[in-house]
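Engineer:
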Amino acid sequence: MFSENDYQVTVYPTKAPLDAIQYIEKNGTQVDEIVVCGGDGILHEALNGLGKIDFQVPLGCIPCGTVNDFANSHEIPFDLMAAGKMICEQQPVSVDVAKFNDEYFSYIAACGISTQVPYTTSQTDKKMFGPLAYIVKGLNVVDFTHWENNCVTMNVSWEKGSAEGDFLFASFSNTLYIGSVDSLVMDGARFNDGLLEGLLIRRPMNLLELHQIAQGILKKDFSSDFFVQVRSPWFEIESEPTDWTLDGEFGGNLEYVKIQTYPNKLKLIRPPLQKESEKNPTFTQNDEMKSL
Numbered sequence: 318m319f320s321e322n323d324y325q326v327t328v329y330p331t332k333a334p335l336d337a338i339q340y341i342e343k344n345g346t347q348v349d350e351i352v353v354c355g356g357d358g359i360l361h362e363a364l365n366g367l368g369k370i371d372f373q374v375p376l377g378c379i380p381c382g383t384v385n386d387f388a389n390s391h392e393i394p395f396d397l398m399a400a401g402k403m404i405c406e407q408q409p410v411s412v413d414v415a416k417f418n419d420e421y422f423s424y425i426a427a428c429g430i431s432t433q434v435p436y437t438t439s440q441t442d443k444k445m446f447g448p449l450a451y452i453v454k455g456l457n458v459v460d461f462t463h464w465e466n467n468c469v470t471m472n473v474s475w476e477k478g479s480a481e482g483d484f485l486f487a488s489f490s491n492t493l494y495i496g497s498v499d500s501l502v503m504d505g506a507r508f509n510d511g512l513l514e515g516l517l518i519r520r521p522m523n524l525l526e527l528h529q530i531a532q533g534i535l536k537k538d539f540s541s542d543f544f545v546q547v548r549s550p551w552f553e554i555e556s557e558p559t560d561w562t563l564d565g566e567f568g569g570n571l572e573y574v575k576i577q578t579y580p581n582k583l584k585l586i587r588p589p590l591q592k593e594s595e596k597n598p599t600f601t602q603n604d605e606m607k608s609l
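Each residue of the sequence shown is one higher than the one before, starting from 318 at the first, in my numbering.
1. Where does residue 361 land, buried or exposed, given buried means 16+ other C-beta within 10 angstroms?
2. Three Cβ pairs or more, each shorter than 8 Å: is that satisfied between the segment 473 to 486 and the segment 562 to 571?
3. Which full runs of the alpha helix (DSSP H) of 4+ residues lie inside the segment 323 to 373, going along the chain?
4. Taking the alpha carbon of residue 416 as the point to measure from, which residue in 570, 552 and 558 has its own alpha carbon closest?
5. Pairing CB atoms from the segment 326 to 342 with CB atoms from the segment 391 to 408, are three or more of them under 8 Å?
6. Restricting to Cα atoms, I'd like to know which of 508, 545, 365 and 419 is closest to residue 481.
7. Considering only their Cβ atoms, is the gap separating residue 345 from residue 351 smaller than 8 Å?
8. Would you mind stating whether residue 356 and residue 381 have Cβ atoms separated by less than 8 Å?
9. Please classify residue 445 as buried or exposed, where buried requires at least 16 neighbouring CB atoms within 10 angstroms.
10. For residue 578, which beta-bridge partners are listed by DSSP?
11. Nearest to residue 499 by CA position, among 516, 510, 509 and 511, is which residue?
12. If you run the structure through DSSP and keep just helix, strand and coil, what is residue 567?
Now the structure itself:
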């Protein structure tokens, strides 16, 4: 596909975790485009490699991982040949990228219930069972008898407000899908507005409250007091030592996190962006205030 379109292609199979970061840092400025083939994990590495060279080179993606939330959000075809054709035909589009302390991430930083599942599920299980492997692992890690063990005590601040308490789940994202579904994604997410979407779910005190939370997620109704949804260019989180996931990879056990958006920093090879605003209603400041 690429050779037929007059590309000079260099193929580099990664050999170990973080290998892609080092390779792109060393060789990235010597090429016109970087194309990665894999899932959200290799994209995460590619972003951090590009960060080492100030995102000088456009990034293309051929998705072939287990979930591929990033590719799904950016309308990148899952068919390998179609993805290659799209890379050859489309011009790069400037999109936002976010940073978690000193590490870039492509679409989500999260903590709380089941967020450790993506990076604790073995590659063997992922290849054998696909997304079902995540469900099985999730059932094993959730404490169904003591919900407080699934929660994190934290103080979250952002550009126009703050929230504190015990939270079952917290995500800071720029995506249309999390785990291949849109149930935990706020409407109106855009990739070039300089904003991240923050979603916090407060701790349920009993099974009835847990049921209310589940119903809210299934219906994408975040209007109850259990949910805090907000848009901001930055977030600061102080908490007890907490395990984080970045794009499905382990992000560290941390007590302080600063998340910052860098508008239009990444040149991504994808279809044009106009469709985002057409299919997602705009989230207003009034919506934000009603959710606090």
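Where is the CB? At the ideal position from N, CA and C, for every residue including glycine.
Structural biologist: From the atom records:
1. By the 10 Å Cβ count, residue 361 comes out buried.
2. no
3. 336 to 344 and 357 to 369
4. Looking from the CA of residue 416, the closest CA among 570, 552 and 558 belongs to 552.
5. no
6. 545
7. yes
8. yes
9. The predicted model places residue 445 with a pLDDT of 43, which falls under 50 and marks its position as unreliable; any figure quoted below should be read in that light. Per the 10 Å Cβ criterion, exposed.
10. 415
11. 516
12. strand
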